[in-house]
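Engineer:
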Amino acid sequence: MAAYFEYLIPLFIGILCITSSKTLIRDSDANYMKKVSTIRRAGWVLVGVGAILALAKYFSH
């Protein structure tokens, strides 16, 4: 599992971005919903990248 840890870091950061996207910025911001959706989109990209890297490492043996 230690060999995959460096590939799972983007996965965990992406999950953090998705789950806490509303608390990362202030409610008083004018573009609040736009920024929330941007943070969530970035989170999903990181989840995808982390999953692809972990699967590529797993199947490369």
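Under the working numbering, the first residue of the sequence shown carries the number 36, and numbering increases by one thereafter. Cβ coordinates follow ideal geometry from the N, Cα and C atoms, glycine included.
#1: Whose C-alpha, out of A86, S55, I50, V82, is nearest the C-alpha of D70?
#2: Between which two residues does the alpha helix (DSSP H) harbouring L46 extend?
#3: On the criterion of 16 or more Cβ atoms from any shown chain inside 10 Å, does G83 qualify as buried, or is it exposed?
#4: Within 10 angstroms of its Cβ, does L46 collect 16 or more other Cβ (buried), or is it exposed?
#5: What three-state label does DSSP hand R61 in the structure shown?
Structural biologist: So, from the data block:
#1: With the sequence shown as reference, residue 70 is identified as Lys, and Asp is not the correct amino acid for it. Among A86, S55, I50, V82, the Cα nearest to that of K70 belongs to S55.
#2: In this chain, the alpha helix (DSSP H) harbouring L46 covers 40–54.
#3: Exposed: under 16 other Cβ atoms inside 10 Å.
#4: With a threshold of 16 other beta carbon atoms within 10 Å, L46 meets it and is buried.
#5: Three-state DSSP puts R61 in coil, outside helix and strand.
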